[in-house]
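Right, one structure below, let's go through it.
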Ligand code: NDP
Ligand code: DGY
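Residue numbers (the numbering used here): 538 to 864.
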C-alpha cells in the first residue's frame with residue numbers, strides 16, 4: 538500500500554504498549570503520535586489532526602468544533618481512551634457522521650474498587666491517620682481520636698446506578714450496608730441484585746449516610762452537587778465523587794465541609810485537573826483528593842489501550858467496533 542492510500546491516524550498521547558503495537562502493526566495506516574506522557578499542546582493537536590481519518594484521544598483533550606474543523610472532512614472515527622465522553626462535542630461529531638469508540642465495561646471493576654477504597658479512606662480518615670503517625674501527632678490511644686463513620690448498618694445512596702454505580706453497590710453491600718438507595722433518570726431492573734430502592738434525589742440525600750456520585754457528566758448533571766444539594770444531606774454524611782469534577786460546585790462543597798454541613802468528602806475527579814496545590818479544598822482535613830486514578834491498574838489501562846486501538850482500526854475499516862458509542 539502506498540503512503541498516499543494509507544489512512545492517516547493521529548494519537549494524542551503515548552499509549553500503553555498493548556495499544557501502540559496494534560496501531561503500529563496496521564499496514565493500512567500511517568500513525569503519528571504525540572509521543573509524550575504529557576498532554577498534547579492545543580496548537581500541536583490542531584496541527585496533528587489535519588487531514589486525519591482517525592483520531593485516538595484522551596479525556597484531557599477537548600475535541601470541539603475547532604479540532605473537527607482542523608481535521609477536515611477526512612475524519613471518520615474518533616476513539617477515546619475512556620468511558621466518559623463529555624470531552625467530545627457530541628452533537629457536532631454526530632452532525633458530521635463521525636463514529637466514536639470508547640471503553641465501557643473494561644474499567645468498571647478497577648473504578649468501582651478505587652471508589653470503595655476512597656470511600657473507606659475518607660470515612661475512616663486514613664490520610665489524617667497516616668499524617669499523624671509521620672508527624673509525631675500520635676501520642677497514645679484515645680477513645681474518640683480519629684473516629685469516623687462505618688458502613689455497617691448504614692444507608693448508601695448512589696447517584697447514577699450505571700455499570701460502575703452497580704459495581705460499587707455490589708462491593709459495598711457485603712460491608713453490612715442496611716439500605717441501598719439510588720436515583721437517576723429511571724429505575725433499573727439490575728438494582729434488584731443489590732436490593733436497591735429507586736428514590737427521588739431529595740430522599741436519597743436526606744436518608745443516606747454515604748452519597749456516591751457515579752453518573753455521567755451531562756448538561757443535567759453539571760453542577761448538580763451544589764449548596765442546595767449539600768444542605769439536604771445529613772451532617773454526618775460522607776460524599777464521594779468518582780464521576781467528573783464538573784458535577785460538583787466546589788465552592789459550595791468547600792462551604793459544606795468547612796461549616797460542618799456534611800462530614801467529609803472524597804474526590805477522585807476535580808475541576809480543573811490537576812487541582813492547583815493552593816486550592817481551598819486541599820486545606821481541609823475532611824477532604825480527600827485523588828488525582829483521577831479510578832481506572833489506574835496496569836492491566837485495565839493495557840486493556841483500555843487495546844480496546845481503543847481496536848475500535849479505531851475497526852471504525853476505519855468500516856467494521857463493527859467492539860465498543861461504539863450509540864449517538
Ligand atoms: P454508565 O453510562 O453505565 O452510567 C452512567 C449512569 O449515569 C447511568 O446509570 C445514567 O442513568 C446515569 N445518569 C445519567 N444522567 C443522570 C442524571 N441526570 N441523574 C442521575 N443519573 C444520571 O457509565 P459508567 O458507569 O460506565 O461510567 C460512569 C461515569 O464514570 C463516566 O461517564 C465517567 O465520567 C466516570 N468514570 C470515572 C473514572 C475515574 O477514573 N474516576 C473511570 C471511569 C468512569 P441512565 O442509564 O438512566 O441514563
Ligand atoms: C473514564 O474512562 O472516563 C475515566 O475517567 C478514566 O478511565
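We put the beta carbon where it would ideally sit given N, CA and C, even for glycine.
Inside the stretch 546-581 only - alpha helix (DSSP H) runs reaching at least 4 residues: Complete alpha helix (DSSP H) runs here, min 4: 554-562.
Using CA atoms only, rank isn't needed, just tell me which of 737, 668, 608, 594 is closest to residue 621. Here the question's residue 621 lines up with position 84 in the chain shown. Among 737, 668, 608, 594, the Cα nearest to that of residue 621 is on 594.
Please state the DSSP three-state secondary structure of residue 660. Position 123 of the chain shown, counting from 1, holds the residue named residue 660. Three-state result, residue 660: helix.
Taking the alpha carbon of residue 588 as the reference point, which residue from 598, 605, 578, 600 has its own alpha carbon closest? Counted from its first residue, the chain shown places residue 588 at position 51. Among 598, 605, 578, 600, the Cα nearest to that of residue 588 belongs to 605.
Comparing C-alpha positions only, which one of 773, 740, 764, 783 sits nearest to residue 752? Position 215 of the chain shown, counting from 1, holds the residue named residue 752. The shortest C-alpha separation from residue 752 is found at 783.
Reducing DSSP to helix, strand and coil, say where residue 719 ends up. Counted from its first residue, the chain shown places residue 719 at position 182. In the structure shown, residue 719 sits in a strand (DSSP, three-state: E or B).
Looking at C-beta atoms only, is the number of pairs between the stretch 765-778 and the stretch 802-820 that lie closer than 8 Å three or more? Using a Cβ-Cβ distance cut-off of 8 Å, the stretch 765-778 and the stretch 802-820 are in contact, since at least three pairs of beta carbons, one from each stretch, lie closer than that value.
With DSSP as the reference, identify every bridge partner of residue 684, one or two as the case may be. Position 147 of the chain shown, counted from the first residue, corresponds to residue 684. Paired residues: none, contrary to the question.
Where residue 733 falls, given that 16 or more other Cβ within 10 Å makes a residue buried: Stepping through the chain shown from its first residue, residue 733 is reached at position 196. The residue is buried, with at least 16 neighbouring Cβ atoms inside 10 Å.
If you measure between the beta carbons of residue 867 and residue 665, is that distance less than 8 Å? In this structure the chain extends from 538 to 864, so residue 867 is not present and cannot be described.
Do three or more CB pairs link the stretch 638-650 to the stretch 823-838 at distances below 8 Å? Under the Cβ criterion (8 Å, minimum of three pairs), the stretch 638-650 counts as touching the stretch 823-838.
With a threshold of 7 Å (Cβ to nearest heavy atom), would residue 762 be considered close to the ligand NDP? Your numbering for residue 762 matches position 225 in the chain shown. In this structure, the ligand NDP has no non-hydrogen atom nearer than 7 Å to the beta-carbon of residue 762.
Report the rounded CA-to-CA distance for residue 850 versus residue 561, giving the unit in angstroms. Against the chain shown, residue 850 aligns to sequence position 313. Against the chain shown, residue 561 aligns to sequence position 24. Taking the straight line joining both Cα atoms gives about 11 Å.
Assuming residue 599 is part of the beta strand (DSSP E), what are its boundary residues? Taking the chain shown and counting its residues from 1, the one referred to as residue 599 is at position 62. Careful: residue 599 lies outside any beta strand (DSSP E) and carries neither H nor E.
Where residue 848 and residue 566 are concerned, what is the direct C-alpha to C-alpha distance, given to the nearest angstrom? For this step, residue 848 is matched to residue 311 along the chain shown. For this step, residue 566 is matched to residue 29 along the chain shown. Cα to Cα, residue 848 sits roughly 14 Å from residue 566.
Is the separation between the beta-carbon of residue 742 and that of residue 770 shorter than 8 Å? Residue numbering aside, residue 742 sits at position 205 when the chain shown is read from its first letter. Residue numbering aside, residue 770 sits at position 233 when the chain shown is read from its first letter. Yes, these two residues count as a Cβ contact at 8 Å.
Please indicate yes or no: does the CB of residue 621 lie closer than 7 Å to some heavy atom of the ligand DGY? Translated into positions along the chain shown, residue 621 becomes position 84. True, at least one ligand heavy atom lies under 7 Å from that Cβ.
So what does DSSP say about residue 847, is it helix, strand or coil? Along the chain shown, one-based indexing puts residue 847 at 310. Reduced to three states, the DSSP call for residue 847 is helix.
Own chain partners of residue 843 with C-beta closer than 7 Å, once the 5 adjacent residues on each side are dropped: Locating residue 843 in the chain shown gives position 306, counting from the first residue. Residues 555, 556, 559 of the same chain have their beta carbon placed closer than 7 Å to that of residue 843, with the five preceding and five following residues left out of the count.
Is it true that the stretch 630-637 meets the stretch 851-864, where meeting means three or more beta-carbon pairs spaced less than 8 Å apart? With a cut-off of 8 Å, the stretch 851-864 and the stretch 630-637 count as touching, because enough Cβ pairs lie within range.
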